[in-house]
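A.B. asks: Take this structure, written in structure tokens, and hold onto it; I'll ask about it next.
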Amino acid sequence: MTEILVLVDHVDGAVRKPTLELLTIARRLGEPSAVFLGSGVANATETLGKYGAAKVYVVDAPEIDGFLVAPKAEALAAVAAQASPGAILVTAHSEGKEIAARVAVRLGSGIITDAVDVDANGVASQSVFAGSFLVTAKVTHGTPVIAVKPNAAAPEEAPAAAAVENVTVAFSDAAKGAKVTAVAPRAKSGRPELTEAAIVVSGGRGVGSTEGFAVIEALADSLGAAVGASRAATDAGWYPHAFQVGQTGKTVSPQLYIANGISGAIQHRAGMQTSKTIVAVNKDAEAPIFELVDYGVVGDLFAVVPQLTDEIGKRKA
Amino acid sequence: MKIVVLVKHVPDAASDRSFAADLTVDRAAVDSRISELDEYAVEQALQVVEKAGEGEITFLTMGPADAGDALRKALSMGGDAGVHVVDDGLHGSDALATSLVLAEALKKLEWDLVVCGMSSTDAWMSVVPAMLAERLGVPGLTLAGELTVEGTTVTIRRDGDDASTTVVGSLPALVSVTDQTGEARYPSFKGIMAAKKKPVTTYTLADLGIDAAAVGLGGAWSSVESATKRPPRAAGVVVTDEGDGGVKLAEFLATGKFI
Ligand SMILES: Cc1cc2nc3c(=O)[nH]c(=O)nc-3n(C[C@H](O)[C@H](O)[C@H](O)COP(=O)(O)OP(=O)(O)OC[C@H]3O[C@@H](n4cnc5c(N)ncnc54)[C@H](O)[C@@H]3O)c2cc1C
Ligand SMILES: Nc1ncnc2c1ncn2[C@@H]1O[C@H](COP(=O)(O)O)[C@@H](O)[C@H]1O
């Protein structure tokens, strides 16, 4: 069966959910092999095997984390040269897309980014123009390199061997040009990851201040949700940029998205309009966000949101 | 110091964008402008030169004739010259072909630093800068939220999901900058007048020694098979808060089994 390479997205061997989605998609195309870059593979093999990785190629070298992107691309290209896969799948976050871009150049292959689905023939679906069009596209030259968005498939278990194979890569000097000299880890919020959360509660300019976000966080916590923000709110410094939803932030596609004090500008909509159910609270009845909602409340978020949080608390009790 | 800034001319995000019969982006039907995110690249290049007290900036674009507008817009903000790669054979080029053409154009120019936007606001791929760094074999310091150049050292801050990292490289190098780097300046009247006199050179594929078969629709290594307009979302219920908005909302969420 054709081998399909899946680049593992992990933190010290803790495998991120989108990788399990990629393994599931890879099984439609052939037999998945995981490509694990960096250290911590021992923590990952069990999960990778559970979700269908027959092999786990490992490139564990200091260059992987010591430099930006390029060594990872060289490592993935080296594994691809050895395995001659039918396709290469990576997660479509910023680093994944850059790795895919460089690998495509190295292999002389076509590339598709931001796929929201990939079928058994390798036809990828993409959502374009701020979600207003659905496009299908196919790589016609070389080994298809496809960057797939989180939530493109529901991870399915399919036990496989996960046989570890170490690969040694001689990194080029060119790959060692952008050196990582300091890493400042972000404080953990304890909430679900924004791009993976089933429910996202967001706040925009209407939240008014850093303190105002306490109201948004309280609602999020009552629902076990992640917190998001519009660019107006992150630019104002009320909430960290890492939580920005939209074209220059994160794309989210949760079961439920609750927008509070957000007008619904096209750049914001592009990051959330594939959410299954959309709810908005905004005091302006004309706000464009109401064109998207399943349920909307025209009102002051500082009255509506705390009341909602209270009511959720009561219903849970 | 010599800097080349890459700017792309794109359909305005606020206009009703669509596809032409050959499934390429319909560029004729809509207003186009410089990709907003490339204005941040222009701004950062201008600031690098201002801080260094010397330097020359060239803007480079690839696109049809009216893509020259993106160069004029950039030149009205500052900088010295424009280069426009324009050729009918380029129509329908994918990211690989675009990066090939831009890389060949860059090989004809003199530069210490190439500055790109984080993403074009039509395709939103964010892959051209990485492809260029790969093709040119220079350090790629991408997705900079903050950029400084001191002597021959380039330092960026890159904000990832789990951490904020500092990345350092030496010139010659390529950077891409995000919209976190700070608002771009507005062109002054003087700037707009001055831009009209700044030189713009055009290159064809032949000038760059690129085989037309390698680019354009025919040379694309991926192909769009269909493009369907998504049906608008079914209209939802909008109520006005009369003191019980939160309770009503809770009722809606309960019906949807969210609580
Ligand atoms: C290149 C580019 C990229 C961009 N990328 C992004 C992106 O990734 N994400 C993003 O979000 N934006 C992005 N933007 C910005 C986008 O265009 C909008 O400016 C932004 O989304 C507006 O944020 P907002 O809705 O919070 O603010 P506004 O548009 O100011 O809306 C605030 C809303 O809050 C309501 N309100 C005020 N007070 C209350 C209250 N007490 N109760 C209830 N409602 C209240 C108001 O009626 C209003 O509708 C981008 C822009 C550009 C040019
Ligand atoms: N046709 C083009 N002409 C000039 N610059 C481009 C072109 N396409 C992409 N770029 C540059 O590459 C960046 C990323 O583009 P993309 O990979 O298409 O999202 C843009 O912000 C530009 O700086």
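Going down the list, the sequences are from chains U and P.
Just so we're aligned: 165 in the working numbering is position 163 of the first sequence, and the numbers increase by one with no gaps anywhere.
Just so we're aligned: 306 in the working numbering is position 222 of the second sequence, and the numbers increase by one with no gaps anywhere.
The beta carbon of each residue, even a glycine, is placed where N, CA and C say it ideally should be.
#1: Find the nearest neighbour of Gly42(U) within the set Ile66(U), Ile264(U) and Gln128(U), judged by alpha-carbon distance.
#2: Counting only beta-carbon separations shorter than 8 Å, does Gln128(P) have a partner in chain U?
#3: Name the chain U residues that come within less than 8 Å of Pro271(P), Cβ to Cβ?
#4: Counting C-beta neighbours from all protein chains within 10 Å, is the total for Phe38(U) 16 or more, i.e. buried, or is it exposed?
#5: Contact criterion: CB-CB distance below 8 Å. Does Ala210(P) meet it with respect to chain U?
#6: Quick check on this structure: which residue in Thr250(P), Ala136(P) and Arg269(P) has the alpha carbon closest to the alpha carbon of Lys181(U)?
#7: Listed from N- to C-terminal order along the chain, which residues in the segment 282 to 303 of chain U have their beta-carbon within a distance smaller than 9 Å of any beta-carbon of chain P?
#8: Return helix, strand or coil for Asp168(P), following the three-state DSSP convention.
#9: Evaluate contact between the segment 264 to 280 of chain P and the segment 255 to 265 of chain U, counting only Cβ atoms and requiring at least three cross-stretch pairs below 8 Å.
#10: Go ahead and label Val209(U) buried or exposed: buried means 16 or more other beta carbons lie within 10 angstroms of its beta carbon, across all protein chains shown.
#11: Using three-state DSSP, classify Pro307(U) as helix, strand or coil.
#12: State the Cα-Cα distance for the pair Ala297(P) and His168(P), rounded to the nearest angstrom.
#13: Under 7 Å: does the beta carbon of Gln275(U) sit that close to some heavy atom of ligand 1?
#14: Can you tell me which residues fall inside 5 Å of ligand 1, judged by beta-carbon distance to its nearest heavy atom, and keep chain order?
#15: Who are the Cβ neighbours of Asn123(U) in its own chain at under 8 Å, not counting the five residues just before and after it?
#16: With DSSP collapsed to three states, give me the class of Lys181(U).
#17: Check whether the segment 182 to 192 of chain P and the segment 237 to 252 of chain P are in contact - that is, three or more C-beta pairs closer than 8 Å.
#18: Please name the residues in the segment 293 to 323 of chain P whose beta-carbon is closer than 7 Å to at least one beta-carbon of chain U, in chain order.
#19: What first and last residue would you give for the alpha helix (DSSP H) that runs through Pro64(U)?
#20: Helix, strand or coil, according to DSSP, for Asp243(P) in the structure here?
#21: From Val283(U) to Gln249(U), what does the alpha carbon distance come to, in whole angstroms?
#22: Going along chain P, which residues have a C-beta under 7 Å from Ser187(U)?
#23: Using only alpha-carbon positions, find the residue among Gly251(U), His243(U) and Gly230(U) that is nearest to Asn262(U).
#24: Taking the CB atoms as reference points, tell me whether Gly266(U) and Pro242(U) lie closer together than 8 Å.
#25: Using the rule of at least 16 other Cβ atoms within 10 Å of the residue's Cβ for burial, across every protein chain shown, is Ala172(U) buried or exposed?
#26: Starting from the beta carbon of His12(U), find every residue of chain P whose beta carbon is closer than 8 Å, and list them in chain order.
#27: Quick check on this structure: which residue in Gly166(P), Glu140(P) and Gly162(P) has the alpha carbon closest to the alpha carbon of Gly152(P)?
#28: With burial defined as no fewer than 16 other Cβ atoms inside 10 Å of the residue's Cβ, what is the status of Glu76(U): buried or exposed?
#29: Can you list, in chain order, the residues of its chain whose CB lies under 6 Å from that of Thr93(U), leaving out five sequence neighbours each side?
#30: I need the straight-line Cα distance from Leu130(P) to Ile141(P), nearest angstrom please.
#31: Which chain P residues sit within Cβ distance under 8 Å of Arg104(U)?
#32: Name the two residues that bound the continuous alpha helix (DSSP H) containing Ser174(U).
#33: Give me the Cα-Cα distance between Lys86(P) and Gly179(U), rounded to the nearest whole angstrom.
#34: Using a Cβ-Cβ cut-off of 8 Å, state whether Ala184(U) counts as contacting chain P.
#35: Assign Arg314(P) to one of three DSSP states: helix, strand, or coil.
C.D. replies: According to the data block:
#1: Ile66(U)
#2: no
#3: The contacting residues do not exist; Pro271(P) stays about 22 Å from chain U at best.
#4: buried
#5: Contrary to the premise, residue 210(P) reads as Ser rather than Ala in this sequence. Yes - at least one Cβ of chain U is within 8 Å of the one on Ser210(P).
#6: Thr250(P)
#7: Ala282, Val283, Lys285, Ala287, Phe292, Glu293, Leu294, Val295, Asp296, Tyr297, Gly298, Val299, Val300, Gly301 and Asp302
#8: It should be pointed out that residue 168(P) corresponds to His in this sequence rather than to Asp. Strand, per DSSP.
#9: no
#10: buried
#11: Checking the sequence shown, residue 307(U) turns out to be Val, not Pro. Helix, per DSSP.
#12: 20 Å
#13: no
#14: Gly206(U), Arg207(U), Gly208(U), Ser232(U), Arg233(U), Ala234(U), Gly248(U), Gln249(U), Thr250(U), Gly251(U), Gly263(U), Ile264(U), Ser265(U), Ala267(U), Gln269(U), His270(U), Asn284(U), Lys285(U), Asp286(U), Ala289(U), Asp302(U), Leu303(U) and Glu120(P)
#15: Lys140
#16: strand
#17: no
#18: Trp305, Ser306, Ser307, Val308, Glu309, Ser310, Ala311, Thr312, Lys313, Arg314, Arg317, Gly320, Val321, Val322 and Val323
#19: Pro64 to Gly68
#20: strand
#21: 21 Å
#22: Here residue 187(U) is Pro; the residue named in the question, Ser, does not match the sequence. By Cβ distance, chain P contributes Asp246 and Ala247.
#23: Gly230(U)
#24: no
#25: exposed
#26: Simply none; closest approach about 11 Å.
#27: Gly166(P)
#28: buried
#29: Asp11 and Pro20
#30: 8 Å
#31: Ala214, Met215, Ala217 and Glu218
#32: Ser174(U) -> no alpha helix (DSSP H), and no H or E assigned at all.
#33: 19 Å
#34: yes
#35: coil
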